[in-house]
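Participant: Numbering (the numbering used here), first residue to last: 1 to 217.
Yeah, the Cβ is synthetic: ideal placement off N, Cα and C, and Gly gets one too.
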Amino acid sequence: MQELISQIAALGIEITPTRSLMIIFGIILFTAVVVHLILHKVVLRAFEKRALASSHLWLQIITQNKLFHRLAFTLQGIIVNVQAVLWLQKGSEAAEILTTVAQLWVMIYAMLSFFSLLDVILKLAQKFPAASQLPLKGIFQGIKLVTAIIIGILIISLLIGQSPAILISGLGAMAAVLMLVFKDPILGLVAGIQLSANDMLKLGDWLEMPKYGADGR
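(1) If you follow the alpha helix (DSSP H) that residue 101 is in, where does it begin and where does it stop?
(2) Closest to residue 158 by CA distance: which of 97, 178, 191 and 121 is it?
(3) Got a sec: does the ligand NAP put a non-hydrogen atom nearer than 7 Å to the Cβ of residue 25?
(4) Assuming contact is defined by CB atoms lying nearer than 8 Å, are residue 70 and residue 109 in contact in what I supplied?
(5) By DSSP's criteria, residue 48 is part of a beta bridge. Which residues make up the other side?
(6) Excluding five sequence neighbours on each side, which residues of the same chain lie with their C-beta closer than 7 Å to the C-beta of residue 81?
(7) Taking 7 Å as the limit between beta carbons, can you name the residues of its chain near residue 85, skipping five residues before and five after?
(8) Please return the same chain residues whose Cβ sits closer than 8 Å to the Cβ of residue 182, not counting the five positions on each side in sequence.
(9) Terminal residues of the continuous alpha helix (DSSP H) containing residue 230?
(10) With a cut-off of 8 Å on the beta carbons, I'd call residue 88 and residue 24 a contact; round off their distance for me.
(11) In whole angstroms, what separates the C-alpha of residue 153 from that of residue 179?
(12) Just tell me which of 138, 161, 167 and 38 has its CA closest to the CA of residue 149.
(13) Taking all protein chains shown into account, decide if residue 28 is buried (16 or more other Cβ within 10 angstroms of its Cβ) or exposed.
(14) Grab me the residues of residue 188's own chain with a C-beta within less than 7 Å of its C-beta, minus the 5 sequence neighbours each way, in chain order.
(15) Taking residue 140 as part of the alpha helix (DSSP H), name the residues at either end of that continuous run.
(16) Whose C-alpha, out of 211, 124 and 66, is nearest the C-alpha of residue 56?
(17) Looking at residue 60 and residue 51, is the spacing between their C-beta atoms short of 8 Å?
(18) Please state if the CB of residue 140 and the CB of residue 112 are separated by a distance shorter than 8 Å.
(19) Buried or exposed for residue 63, going by 16 or more other Cβ atoms inside 10 Å?
(20) So, residue 18 versus residue 79, is the Cβ gap smaller than 8 Å?
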C-alpha cells in the first residue's frame with residue numbers, strides 16, 4: 001500500500017492521511033463489489049440454472065435452502081477482513097472497526113450456512129424411510145440452539161474485547177435460566193430420542209392423549 005501511495009505522490013498529488021484512508025476504503029469497497037457480482041450474478045446464477053434443470057434432488061434442496069448463497073456471503077466477509085488486515089495499519093481505529101464488522105459478518109453468515117446445511121441434511125434424510133423414523137428435526141433444532149448460543153458468546157466477546165472463556169465462566173446462572181426457559185423443548189427432544197432409540201413409536205401408530213384431545217393416527 002505504501003508503494004501505491006508513493007506512486008500517487010510522484011504524480012504531484014498530495015496524499016494526506018485522510019485521503020490515504022479514503023483510497024484504501026475505496027479499494028476494499030471496489031473489491032467487495034466485484035467479488036459480490038462474480039459470486040451472485042455469475043457463479044450462483046449458473047448453479048441455480050443447473051440445479052433447476054437437474055434431476056438430482058440434492059441440488060434442488062441445496063438451492064431451496066440457499067446454502068451456497070450464505071457461504072458466498074461468508075466468503076465475502078473473509079475477503080473484506082483479509083483486505084483490512086493487509087491494507088490498513090495494524091492497531092488503527094479504522095482497522096479495528098472494519099475487522100470487527102467483517103468478523104461479525106463472517107460469524108453470522110457462517111452460522112446461517114451451518115443452519116442451511118442442517119436443513120439440507122434433514123430434507124434429504126426425510127426421503128429415506130429409515131431416517132424418517134428418527135427425531136432428526138428435534139435433534140437439529142437442539143444443535144441450532146447450541147450453535148446460536150456459542151456464536152452469541154463469540155459475538156459478545158468480540159464486541160467487548162474479552163476472551164470467550166471469561167463469558168463462559170460466568171454462564172452458570174445463565175445456564176439455569178436457559179434450562180428453565182427451554183425446559184419443554186429440551187424435554188421434548190429427550191423424549192423424542194428415547195422413543196426413537198427404543199423403537200416405541202412409529203409413523204402410523206395409533207395414539208390416545210385425552211389431555212390434548214388426540215385420538216388417532
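Facilitator: Put simply:
(1) 93-125
(2) 97
(3) Here there are no bound small molecules, and the ligand NAP is not part of this structure.
(4) yes
(5) In the DSSP output, where bridge partners are listed per residue, residue 48 has none listed.
(6) 99, 102, 103 and 106
(7) 99
(8) 145
(9) Since the first and last residues shown for the chain are 1 and 217, residue 230 lies out of range.
(10) 6 Å
(11) 17 Å
(12) 167
(13) buried
(14) 138
(15) 136-160
(16) 124
(17) yes
(18) no
(19) buried
(20) no
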